[in-house]
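Peer 1:
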Amino acid sequence: MPVNSALNLAGDALTPGAQRSWWLREALAREPGSDCPPLDKDVNADVVIIGGGFTGLWTAFFLTEANPNLGIAVLEQDICGGGPSGRNGGFASGWWDELDGLVALYGAEAAVRACQAISTSITSIGDFCETHGVDAWFRKAGYVFAATAAPHLTVCERMVELAREVGAANELRPLSAEEVRARCDSSAFRGGAFMPDGASVQPAFLVRGLRRVLLERGVTIHESTPVTRLEPGPPAMAITPRGAVRAPHAVMAVNAWAMGWPWFRRALVAWSSYVVLTAPAPDVLKAIHWTGGEIVSDLRTSVRYFRTTRDGRIAFGGGGGRAGTTIGDSFTRDVRAVAEAAAGFRRLFKSFADVPIVDAWGGPIDVSPTHLPAFGSLFPNVHYALGYTGNGVAPSHLAGRVLADLVTRADSDAVRLPMVNATARSFPPQPFRALGAALIRRAIIAKDTAEEQGRKPSPLVEAIARLPRKLGYMLGP
Ligand SMILES: Cc1cc2nc3c(=O)[nH]c(=O)nc-3n(C[C@H](O)[C@H](O)[C@H](O)COP(=O)(O)OP(=O)(O)OC[C@H]3O[C@@H](n4cnc5c(N)ncnc54)[C@H](O)[C@@H]3O)c2cc1C
């Protein structure tokens, strides 16, 4: 049987990247927004922000909160939300499941502070939507971790135990198989954990809503405006093909594209991630009890994550994981990755066998050596946030607070978070980075697959999958 019909993929789903994500198409249809023409002359501003995703736009938002009179210019090479901010799974999730890395890096007290800051960001995203009339489907129904292999149960136990150890037992609770399946039923789910800190959003509605609010506040946004060079100055000079912005402060909010800038070349590995989307099937969702709006992921290292939509679809993320040296077609047009994501979906949701997958899209994820983002200042007047490692919806809100405070030199709790100006570990140089990433990805997927099938991974696969940790990176099993 051809792959297309075996996976029940509608024809268009197999041409990812031919159009924008379903989220963004919906958002643009609902509210195209006013024009933000490209920069076509030299101008001055107080702050220039490179990148019109969540990080750049939240930074602009918090700057307007701090000082409504600041002249802020946002330069975006595509349209605001054209990058991962308008394409992601829409999980606004807490960091309590990241405690092992946080505690190892920064100690228990600072780790808890960071988790609490993300909790505040999740609530604040909901408040922002409420206050500014942005209907981004914000719903805080919690995060279910669903074990699909025996070793995942041990991972879950460790996560829950660690939360208890740092005095946050309410933030991660164990779930039996029956409890997981009562929220979202799949025969593959063997147990898991529940984290109240989990909300879902329609990400493109959120990022385009932010854009609207910023324009109302007098922020200047230039779309279709790639920054080709940044001279730190001061003043900083952001140079684009038809003009430059000169400003005392610059903020780099370019996500995985940072890889192309000399300062960040070894700070990131860019991995692809893909989402597939079903046709609406509210009755089938009801039949599997998944009507509570929980966001759900499995506990594979090559994680699969899934959520529902208001009209009764499932958006399911997985596949991808291929590293690239530049942000090109492999991040948006990888038919194999779509087929992998679809196969994962079909495996977990057999009750959806007759529901077609009607859309698919992908994008780059900026994997950092710590699995956590880094915020800071490259120079006293040039600030950055990157390294979200596929978990940036809530953290980019926090990044916006931090970056705005770095620009205004506010002495705040946000700038005292442990990941602000922390010393970073680098990835190896090319070609070792790309070769290593490809080899390790294959081993991780082989290990995940073996475990899900109840087999023991071979010692070689196990050793390669665990190599990043052996080398001091906080990635992999
Ligand atoms: C398929 C997928 C699913 C994901 N799912 C989730 C999820 O469910 N939950 C979660 O928390 N995270 C998820 N993420 C990650 C999340 O989307 C990101 O971490 C988050 O959007 C980062 O926001 P950002 O503003 O830093 O980056 P972006 O949204 O990528 O914004 C950066 C912007 O900079 C622009 N840019 C780059 N270079 C230049 C330049 N030289 N000049 C001008 N502009 C430039 C880009 O065009 C882009 O619009 C997912 C990512 C992908 C790809």
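Mapped onto our numbering, the consecutive letters of the sequence shown carry residue numbers 1111 to 1587.
Glycine is no exception: its CB is placed at the ideal position from the N, C-alpha and C atoms.
1) Do residue 1131 and residue 1376 have their C-beta atoms closer together than 8 Å?
2) Among the candidates 1543, 1158 and 1572, whose CA atom is the shortest distance from the CA of residue 1337?
3) Where DSSP assigns a beta bridge to residue 1471, which residues make up the other side?
4) Residue 1166 and residue 1363 look like a contact to me (Cβ under 8 Å); what is the Cβ gap, rounded to whole Å?
5) Whose CA, out of 1422, 1413, 1447 and 1415, lies closest to the CA of residue 1400?
6) How many angstroms separate the CA atom of residue 1587 from the CA atom of residue 1223?
7) Determine the direct distance from the alpha carbon of residue 1323 to that of residue 1174, and round the result to whole angstroms.
8) Just how far apart, CA to CA, sit residue 1128 and residue 1443?
9) Helix, strand or coil, according to DSSP, for residue 1608 in the structure here?
10) Bridge partners for residue 1407 per DSSP, in chain order?
11) Whole angstroms is fine: what's the gap from residue 1195's alpha carbon to residue 1256's?
12) Any idea what DSSP makes of residue 1329, helix, strand or coil?
13) Expressed to the nearest angstrom, what Euclidean distance is found between the alpha-carbon atoms of residue 1398 and residue 1122?
14) Give a yes or no on contact between the region 1525 to 1535 and the region 1212 to 1230, applying the rule of three or more CB pairs nearer than 8 Å.
15) Mapping DSSP to helix, strand and coil, what is residue 1231?
16) Between which residues of its own chain and residue 1331 is the CB-CB distance below 6 Å, once the five residues before and five after are set aside?
17) Indicate whether residue 1426 and residue 1414 have their beta-carbon atoms separated by less than 8 Å.
18) Looking at ligand 1, does it come within less than 7 Å of residue 1208, judged from the CB to the closest heavy atom?
19) Going by Cα to Cα distance, which pick from 1464, 1435 and 1509 is closest to residue 1497?
20) On the criterion of 16 or more Cβ atoms from any shown chain inside 10 Å, does residue 1501 qualify as buried, or is it exposed?
21) Could you tell me whether the Cβ atoms of residue 1229 and residue 1295 are closer together than 8 Å?
22) For residue 1465, tell me which candidate among 1374, 1395 and 1319 has the shortest Cα-Cα distance.
23) Kindly examine ligand 1 and report whether one of its heavy atoms sits closer than 7 Å to the Cβ of residue 1187.
24) Taking contact to mean 3 or more Cβ pairs, one atom from each stretch, closer than 8 Å, check whether the region 1340 to 1351 and the region 1459 to 1476 are in contact.
25) Express the C-alpha separation of residue 1346 and residue 1359 in angstroms, rounding to a whole number.
26) Taking only three categories from DSSP, how would you classify residue 1242?
27) Is there contact here, the region 1509 to 1524 with the region 1487 to 1494, by at least three beta-carbon pairs under 8 Å?
28) Look up residue 1154 in the DSSP assignment and give the residues it is bridged to.
29) What is the DSSP secondary structure of residue 1126, counted as helix, strand or coil?
30) Quick test of the definition: if touching needs 3 or more C-beta pairs under 8 Å, does the region 1377 to 1394 touch the region 1213 to 1220?
31) Which runs of the alpha helix (DSSP H), 4 residues or longer, sit entirely within the region 1415 to 1491?
32) At a cut of 8 Å, does the region 1148 to 1157 reach the region 1285 to 1304 through at least three beta carbon pairs?
33) The beta strand (DSSP E) that contains residue 1505, what's its start and end?
34) Can you tell which of 1143, 1205 and 1210 has its C-alpha closest to the C-alpha of residue 1583?
35) Rounded to whole angstroms, what is the Cα-Cα separation between residue 1280 and residue 1236?
36) Does DSSP classify residue 1301 as helix, strand or coil?
Peer 2: Based on what the coordinates show:
1) If you number the sequence shown from 1, residue 1131 lands on position 21. If you number the sequence shown from 1, residue 1376 lands on position 266. Not closer than 8 Å, so no.
2) Translated into positions along the sequence shown, residue 1337 becomes position 227. Ranking 1543, 1158 and 1572 by Cα distance to residue 1337 puts 1158 first.
3) As a first step, residue 1471 must be located in the sequence shown, where it is residue number 361. In DSSP, residue 1471 forms a bridge with 1385.
4) Taking the sequence shown and counting its residues from 1, one reaches residue 1166 at position 56. Taking the sequence shown and counting its residues from 1, one reaches residue 1363 at position 253. So it is a contact: roughly 4 Å between Cβ atoms.
5) One-based indexing of the sequence shown puts residue 1400 at position 290. For residue 1400, the nearest C-alpha among the options comes from 1422.
6) Your numbering for residue 1587 matches position 477 in the sequence shown. Your numbering for residue 1223 matches position 113 in the sequence shown. Residue 1587 and residue 1223: Cα-Cα distance of roughly 25 Å.
7) Taking the sequence shown and counting its residues from 1, the one referred to as residue 1174 is at position 64. Taking the sequence shown and counting its residues from 1, the one referred to as residue 1323 is at position 213. Distance between the alpha carbons of residue 1174 and residue 1323 is about 10 Å.
8) Mapped onto the sequence shown, residue 1128 falls at position 18. Mapped onto the sequence shown, residue 1443 falls at position 333. Roughly 8 Å between the two C-alpha positions.
9) Given a span of 1111 to 1587 for the chain in the structure shown, any question on residue 1608 remains unanswerable.
10) Position 297 of the sequence shown, counted from the start, is the residue given in the question as residue 1407. Residue 1407 is bridged to 1255 and 1415.
11) Translated into the one-based positions of the sequence shown, residue 1195 becomes position 85. Translated into the one-based positions of the sequence shown, residue 1256 becomes position 146. C-alpha separation (whole angstroms): 25 Å.
12) Numbered from its first residue, the sequence shown carries residue 1329 at position 219. Looking at residue 1329 - three-state DSSP - the assignment turns out to be coil, as it is neither helix nor strand.
13) In the sequence shown, counting from the first residue as 1, residue 1398 sits at position 288. In the sequence shown, counting from the first residue as 1, residue 1122 sits at position 12. Going from the Cα of residue 1398 to the Cα of residue 1122 covers about 27 Å.
14) The answer is yes - the region 1212 to 1230 touches the region 1525 to 1535, with three or more Cβ pairs under 8 Å.
15) Residue numbering aside, residue 1231 sits at position 121 when the sequence shown is read from its first letter. Helix.
16) For the purposes of this step, residue 1331 is identified with residue 221 of the sequence shown, where counting begins at 1. Counting only Cβ-Cβ distances below 6 Å, and skipping sequence neighbours, we find 1146 and 1184.
17) Within the sequence shown, numbered from 1, the residue matching residue 1426 stands at position 316. Within the sequence shown, numbered from 1, the residue matching residue 1414 stands at position 304. Result yes, Cβ atoms of residue 1426 and residue 1414 sit closer than 8 Å.
18) As a position in the sequence shown, residue 1208 is number 98, starting the count at 1. Checking the Cβ of residue 1208 against ligand 1 gives no.
19) Taking the sequence shown and counting its residues from 1, the one referred to as residue 1497 is at position 387. Among 1464, 1435 and 1509, the Cα nearest to that of residue 1497 belongs to 1509.
20) If you number the sequence shown from 1, residue 1501 lands on position 391. Buried, since its Cβ has 16 or more Cβ neighbours within 10 Å.
21) The residue given as residue 1229 occupies position 119 in the sequence shown. The residue given as residue 1295 occupies position 185 in the sequence shown. Not in contact: residue 1229 and residue 1295 (Cβ atoms no closer than 8 Å).
22) Position 355 of the sequence shown, counted from the start, is the residue given in the question as residue 1465. Of the listed residues, the one whose Cα sits closest to residue 1465 is 1395.
23) Mapped onto the sequence shown, residue 1187 falls at position 77. For ligand 1, a non-hydrogen atom lies closer than 7 Å to the CB of residue 1187.
24) no
25) One-based indexing of the sequence shown puts residue 1359 at position 249. One-based indexing of the sequence shown puts residue 1346 at position 236. Looking at the two C-alpha atoms, the distance is approximately 6 Å.
26) Along the sequence shown, read from residue 1 onward, the residue named residue 1242 stands at position 132. In this structure, residue 1242 counts as helix in the three-state DSSP scheme.
27) yes
28) The sequence position of residue 1154 within the sequence shown is 44, counting from 1. Paired residue(s): 1356.
29) Position 16 of the sequence shown holds residue 1126. Three-state DSSP puts residue 1126 in coil, outside helix and strand.
30) The region 1377 to 1394 makes no contact with the region 1213 to 1220: fewer than 3 CB pairs, one atom from each, lie closer than 8 Å.
31) 1445 to 1458
32) no
33) Counting from one through the sequence shown, the residue named residue 1505 turns up at place 395. Note, residue 1505: premise wrong, no beta strand (DSSP E); alpha helix (DSSP H) at 1503 to 1518.
34) The residue you call residue 1583 lines up with position 473 of the sequence shown. The candidate whose alpha carbon is nearest that of residue 1583 is 1210.
35) As a position in the sequence shown, residue 1280 is number 170, starting the count at 1. As a position in the sequence shown, residue 1236 is number 126, starting the count at 1. When rounded, the distance between both Cα atoms is 21 Å.
36) For the purposes of this step, residue 1301 is taken as residue 191 along the sequence shown, with counting starting at 1. In this structure, residue 1301 counts as strand in the three-state DSSP scheme.
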